[in-house]
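Trainee: Residue numbers (this note's numbering): 17 to 335. We put the CB at the ideal spot given by N, CA and C, even for glycine.
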């Protein structure tokens, strides 16, 4: 069982959750969404109190995380929705089926063919049930970006104007952090998020851990003279949820480290402005997947864990 705490809010769960976040402060909202995503959950920002209220009544989200001081939030109606005056009656079979189909569609990000396979029914039968239960409307309300943002969100082209790449390492003497602010890359904009392409990279030699000997061992293990850059090439975007102001998505592409190229899918938080794009991704990485050896030589004679957590924060602007 994992336990996560943000401020006075504690999340304790045995499975990933899909959460809708209503928070008036953009910094706190984005920080909370980032923590939830890094903990393995899916989180999206509600644009207003009305949209958050829909998240209570329509299948699709597990939990609503909200700022109780949010303008236009009716606390009386909120209490009634969460704790009704009278115990609720058991669901009918039709209501239970509707909820289960909605959750399955959410799990497959709206992919009806995959959902039908999981449910053990034909795609045509699923489509009939989606129309019967009005789930097209429900998903338009709760998951607008999966169908809408990928089709209509315009993304401007740009180059990396600023950014950092860092990782959390673990070794025998304790934890440490490696960081570089030296990032380069390009984003090829498009009329839809799914069509965006690009690349980003960082020189291995610029990674610093505030320990010269550890930095030398790191460069030796990664053979920075032979393989000078860490590079990610974006080949597609999917599973977008939210709005351009705060959107979660999956980035598909090729990760190149130490001469090894692997197909990867990275979680991301994306904010799209009129002229710039901000991307944040936090993901685990196993150094042995990229044939990085000599980990027992870190710090000369102490051992480093091959499992690290990588953080990438980028701002693309015209240039």
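Which residue from 306, 119, 35 puts its Cα closest to that of residue 80?
Mentor: Taking the chain shown and counting its residues from 1, the one referred to as residue 80 is at position 64. Taking only the C-alpha atoms, the option nearest residue 80 is 35.
Trainee: Starting from the C-beta of residue 185, find all residues in its chain whose C-beta is less than 8 Å away, skip the five residues before and the five after it, and write them out in chain order.
Mentor: Residue 185 sits at position 169 when you count from the first residue of the chain shown. Closer than 8 Å at Cβ, skipping near neighbours: 191, 192, 193, 194, 225, 320, 321, 324.
Trainee: Per the DSSP calculation, residue 51 is bridged to which residue(s)?
Mentor: By one-based count along the chain shown, residue 51 stands at place 35. BP columns for residue 51 are empty, so no partner.
Trainee: Output the boundary residues of the beta strand (DSSP E) element that contains residue 298.
Mentor: What you label residue 298 is simply residue 282 of the chain shown in a count that begins at 1. DSSP places residue 298 in the uninterrupted beta strand (DSSP E) bounded by 293 to 302.
Trainee: Mind the definition here: the segment 281 to 291 touches the segment 195 to 203 only if three or more C-beta pairs lie below 8 Å; say whether that holds.
Mentor: no
Trainee: Starting from residue 213, follow the beta strand (DSSP E) in both directions and report where the run begins and ends.
Mentor: Position 197 of the chain shown, counted from the start, is the residue given in the question as residue 213. 213 to 219 is the extent of the beta strand (DSSP E) around residue 213.
Trainee: With respect to the beta strand (DSSP E) encompassing residue 331, which residues constitute its N-terminal and C-terminal limits?
Mentor: The residue labelled residue 331 in the question sits at position 315 within the chain shown. Note, residue 331: beta strand (DSSP E), 323 to 333.
Trainee: Using a Cβ-Cβ cutoff of less than 6 Å, which residues in the same chain neighbour residue 23 once the five nearest sequence positions on both sides are dropped?
Mentor: Your numbering for residue 23 matches position 7 in the chain shown. At residue 23 the pLDDT is 39, less than 50, meaning the model places this residue with poor confidence; the figure from the coordinates comes in the next sentence. Here the set comprises nothing.
Trainee: Spatial neighbours of residue 164 within its chain, please: CB distance less than 6 Å, with the 5 preceding and 5 following residues excluded, ordered by chain position.
Mentor: Position 148 of the chain shown, counted from the start, is the residue given in the question as residue 164. Per-residue confidence for residue 164 stands at a pLDDT of 43, beneath the threshold of 50, marking its modelled position as unreliable; the derived number appears in the next sentence. Nothing meets the Cβ criterion.
Trainee: Closest to residue 294 by CA distance: which of 117, 201, 187, 41 is it?
Mentor: The count along the chain shown starts at 1 and reaches residue 294 at position 278. Answer by Cα proximity: 201.
Trainee: Going by the DSSP bridge assignment, what does residue 272 pair with across the sheet?
Mentor: Counting from 1 along the chain shown, the entry for residue 272 is found at position 256. Paired residues: 247, 277.
Trainee: With residue 209 and residue 257 assumed to form a contact (beta carbons below 8 Å), what rounded beta-carbon distance in angstroms separates them?
Mentor: Locating residue 209 in the chain shown gives position 193, counting from the first residue. Locating residue 257 in the chain shown gives position 241, counting from the first residue. About 11 Å separates the two Cβ atoms, so there is no contact after all.
Trainee: Just the Cα atoms here: how many angstroms apart are residue 39 and residue 207?
Mentor: Position 23 of the chain shown, counted from the start, is the residue given in the question as residue 39. Position 191 of the chain shown, counted from the start, is the residue given in the question as residue 207. Distance between the alpha carbons of residue 39 and residue 207: 29 Å.
Trainee: Is the Cβ-Cβ distance between residue 177 and residue 331 less than 9 Å?
Mentor: Position 161 of the chain shown, counted from the start, is the residue given in the question as residue 177. Position 315 of the chain shown, counted from the start, is the residue given in the question as residue 331. Their beta carbons are under 9 Å apart, which means residue 177 touches residue 331 by this criterion.
Trainee: Using beta-carbon positions only, say whether residue 181 and residue 223 come within less than 9 Å of one another.
Mentor: On the chain shown, residue 181 is found 165 positions in, with the first residue counted as 1. On the chain shown, residue 223 is found 207 positions in, with the first residue counted as 1. Residue 181 places its beta carbon less than 9 Å from that of residue 223.
Trainee: Rounded to whole angstroms, how far is the Cβ of residue 60 from the Cβ of residue 264, which I believe are closer than 8 Å?
Mentor: Here residue 60 refers to the residue found at position 44 of the chain shown. Here residue 264 refers to the residue found at position 248 of the chain shown. Right, their Cβ atoms sit about 6 Å apart.
Trainee: Looking at the unbroken alpha helix (DSSP H) that takes in residue 83, where does it start and where does it end?
Mentor: Within the chain shown, residue 83 is the residue found at index 67, counting from 1. No alpha helix (DSSP H) holds residue 83; DSSP gives it neither H nor E.
Trainee: CB-CB under 6 Å to residue 205, same chain, minus the five flanking residues each way: which ones, in chain order?
Mentor: Here residue 205 corresponds to residue number 189 of the chain shown, with the count starting at 1. So the list reads 171, 172, 173, once near-sequence residues are dropped.
Trainee: Under a three-way DSSP split, which group does residue 307 fall into?
Mentor: Position 291 of the chain shown, counted from the first residue, corresponds to residue 307. Annotated three-state conformation of residue 307 is coil, per DSSP.
Trainee: How many angstroms separate the CA atom of residue 268 from the CA atom of residue 134?
Mentor: Residue 268 sits at position 252 when you count from the first residue of the chain shown. Residue 134 sits at position 118 when you count from the first residue of the chain shown. If I take the Cα positions, the gap works out to 23 Å.
Trainee: Going by DSSP, what residue range makes up the alpha helix (DSSP H) through residue 204?
Mentor: Against the chain shown, residue 204 aligns to sequence position 188. Not the alpha helix (DSSP H): residue 204 falls in the beta strand (DSSP E), residues 200 to 204.
Trainee: If you follow the beta strand (DSSP E) that residue 60 is in, where does it begin and where does it stop?
Mentor: As a working note, residue 60 is residue 44 in the chain shown. The continuous beta strand (DSSP E) containing residue 60 extends over residues 58 to 61.
Trainee: How many Å lie between residue 121 and residue 58 at the Cα?
Mentor: Here residue 121 corresponds to residue number 105 of the chain shown, with the count starting at 1. Here residue 58 corresponds to residue number 42 of the chain shown, with the count starting at 1. Straight-line Cα distance between these residues: approximately 14 Å.
Trainee: Just confirm the distance between the C-beta atoms of residue 124 and residue 131, as a whole number of angstroms; I'd bet it's less than 8 Å.
Mentor: Numbered from its first residue, the chain shown carries residue 124 at position 108. Numbered from its first residue, the chain shown carries residue 131 at position 115. Contact flag correct, Cβ pair sits at about 5 Å.
Trainee: State the DSSP-derived secondary structure class of residue 336, mapped to helix, strand or coil.
Mentor: Limits of the chain in this structure are 17 at one end and 335 at the other, which puts residue 336 out of reach.
Trainee: When you compare the CB of residue 272 with every CB in chain D, is at least one pair closer than 9 Å?
Mentor: Looking at the structure shown, chain D is missing, and only one protein chain is on hand.
Trainee: Quick one: what's residue 286 bridged to in DSSP?
Mentor: Locating residue 286 in the chain shown gives position 270, counting from the first residue. According to DSSP, residue 286 bridges with 263, 295.
Trainee: What is the DSSP secondary structure of residue 207, counted as helix, strand or coil?
Mentor: Here residue 207 refers to the residue found at position 191 of the chain shown. Reduced to three states, the DSSP call for residue 207 is coil.
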